[in-house]
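Peer 1: Pasting a structure here, questions to come.
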Amino acid sequence: MNGFVEQRLSRRYVALALAAALAAAGCANKPHRAPVEERVASPRAVAAAASAPAPAASSPIAADSAPPLPGAENAGKPGYYVVKQGDTLIRVALDNGQNIKDLIKWNGLDNPNVIEVGQVLRVVAPGVDPALAQTRAVTAPRVESRPLGTATAASAPAAPATVATAAPTAAPPVPAAATPAPPVMNVAPPQAPRDGDDDVRWGWPANGSVKAGFEEGKVKGLVLGGKAGDPVVAAADGRVVYAGSGLRGYGNLVILKHNATYLTAYAHNQTLLVKEDQNVKRGQKIAEMGSTDADSVQLHFEIRKQGKPIDPAKLLPPR
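With the numbering used here as the guide, the letters of the sequence shown map in order to residues -10 to 308.
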């Protein structure tokens, strides 16, 4: 009996040992997976990565850099103007004594209503020496009054000599005392050739009284009073280079170009009677006085020499 029990226990131990061996073999056949470890960078590593320079080839700053503005290569050169905040092409033309259409052509502008701050514009005609254009000598204004004599007397210097010897039989002291003064006055005018641009016949642009005079840096011309609809006339022969209301502070404006040196401006009109590129004569009606962009009816009148406002009273004839 005891032998039988021992035999059964022995078989049971063998079965358990076999089961344990099979289980161990099954575990060995399953693939072994490494544990997943979530790594968190230390603060020192984060700071080092942030301070490291980005690769040059993939730099977004270099790829997105804006192209230079038109004319940037001419900045600082004579004959060129750098556009500032608030500029319009009309103002640039007026301040530089040029026709707005010339500026459009010289600079190849597709849209004259759009110019950018920092853009460089040519303001002197191609082929013209900017230094000569900007340093032109300022001559005295033309004097309308002339000596009582024929126009040919001033241009013929030999005339005074014939007057002095006209009466050879008379006593020498008498004609010698009477004739010296006329030759001196007749010889004085042709001193040196004058700039033809300064030989302009000026006239008053309106009949109203002067309400405000020229003041350097404050009032750029004369302010003439009057009634709405009073005639505004050209102050000298010229050509209309602008007629419109695109220049802030001037209202309905006419600009005349008289030559390469002089422009005149007529502002605050209620009606404009001329068009651009139209030729006008001194005294011709070009507008009617008004109060556009002004507090009262008035004519703001400017004379500009090479774009710079000068005192019109020094050029206009006495009333």
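Backbone N, C-alpha and C fix where the C-beta goes; we use that ideal spot for every residue, glycine too.
Quick caveat, the model's predicted, so the values are computed rather than measured.
Once DSSP output is grouped into helix, strand and coil, what is the label at K73?
Peer 2: Here residue 73 corresponds to residue number 84 of the sequence shown, with the count starting at 1. K73 falls in the coil class under three-state DSSP.
Peer 1: By DSSP's criteria, N63 is part of a beta bridge. Which residues make up the other side?
Peer 2: On the sequence shown, position 74 is the one that residue 63 refers to. Paired residue(s): none; N63 is not in a bridge.
Peer 1: Whole angstroms are fine: how far does the CA of K90 sit from the CA of D99?
Peer 2: Here residue 99 refers to the residue found at position 110 when the sequence shown is read from its first residue. Here residue 90 refers to the residue found at position 101 when the sequence shown is read from its first residue. If you draw a straight line from the Cα of D99 to the Cα of K90, it is about 12 angstroms long.
Peer 1: Can you give me the C-alpha to C-alpha distance between K264 and A232, rounded to a whole angstrom?
Peer 2: Position 275 of the sequence shown, counted from the first residue, corresponds to residue 264. Position 243 of the sequence shown, counted from the first residue, corresponds to residue 232. About 6 angstroms.
Peer 1: Tell me which same chain residues have a C-beta within less than 7 angstroms of the C-beta of N311, skipping the five on either side of it?
Peer 2: Absent from the structure is residue 311, since the part of the chain shown begins at -10 and ends at 308.
Peer 1: If I'm right that Y255 touches P298 with Cβ under 8 angstroms, what's the distance once you round it to whole angstroms?
Peer 2: In the sequence shown, the residue the question calls residue 255 occupies position 266. In the sequence shown, the residue the question calls residue 298 occupies position 309. Not confirmed; about 14 angstroms, so no contact.
Peer 1: Go through its chain and collect everything with a Cβ distance to P306's Cβ below 8 angstroms, but skip five positions before and after it.
Peer 2: Walking along the sequence shown from the start, residue 306 turns up at place 317. Once the five neighbours on either side are set aside, the close Cβ partners of P306 are E133, W191, G192, W193.
Peer 1: Would you call R111 buried or exposed, if buried means 16 or more other Cβ atoms sit within 10 Å of its Cβ?
Peer 2: As a first step, residue 111 is located in the sequence shown; it is residue number 122 there, counting from the start. Buried.
Peer 1: Could you give the residue range of the beta strand (DSSP E) that holds N82?
Peer 2: One-based indexing of the sequence shown puts residue 82 at position 93. Strictly speaking, residue 82 in this sequence is Ala, with Asn absent from that position. Here A82 belongs to no beta strand (DSSP E); instead the alpha helix (DSSP H) covers 78 to 84.
Peer 1: On the CB-based measure, 16 or more other CB atoms within 10 Å of its CB, does A61 come out buried or exposed?
Peer 2: The residue labelled residue 61 in the question sits at position 72 within the sequence shown. Under a 10 Å Cβ-count criterion, A61 is classified as exposed, with fewer than 16 other Cβ atoms of the shown protein chains found around its own Cβ.
Peer 1: Just the C-alpha distance for G185 and G107, rounded to the nearest angstrom, thanks.
Peer 2: Position 196 of the sequence shown, counting from 1, holds the residue named residue 185. Position 118 of the sequence shown, counting from 1, holds the residue named residue 107. The alpha-carbon atoms of G185 and G107 are separated by roughly 36 angstroms.
Peer 1: So, under 8 angstroms CB-CB, P119 and G68 are touching, yes? Tell me the CB distance rounded to an integer number of Å.
Peer 2: Sequence index remark: in the sequence shown, residue 119 carries index 130 (1-based). Sequence index remark: in the sequence shown, residue 68 carries index 79 (1-based). The Cβ separation is near 3 angstroms, so the contact holds.
Peer 1: Tell me where the alpha helix (DSSP H) around I104 begins and ends.
Peer 2: Here residue 104 refers to the residue found at position 115 of the sequence shown. Neither: I104 is in no alpha helix (DSSP H) and is coded neither H nor E.
Peer 1: Any contact between the segment 194 to 205 and the segment 283 to 303? By contact I mean 3 or more CB pairs, one from each, below 8 angstroms.
Peer 2: yes
Peer 1: Return yes when the Cβ of G97 is within less than 7 angstroms of the Cβ of R293, no when it is not.
Peer 2: The count along the sequence shown starts at 1 and reaches residue 293 at position 304. The count along the sequence shown starts at 1 and reaches residue 97 at position 108. Contact: no.
Peer 1: Per DSSP, which one or two residues make a beta bridge with R111?
Peer 2: Residue mapping note: residue 111 aligns to position 122 of the sequence shown, counting from 1. Beta-bridge pairing links R111 to Y69.
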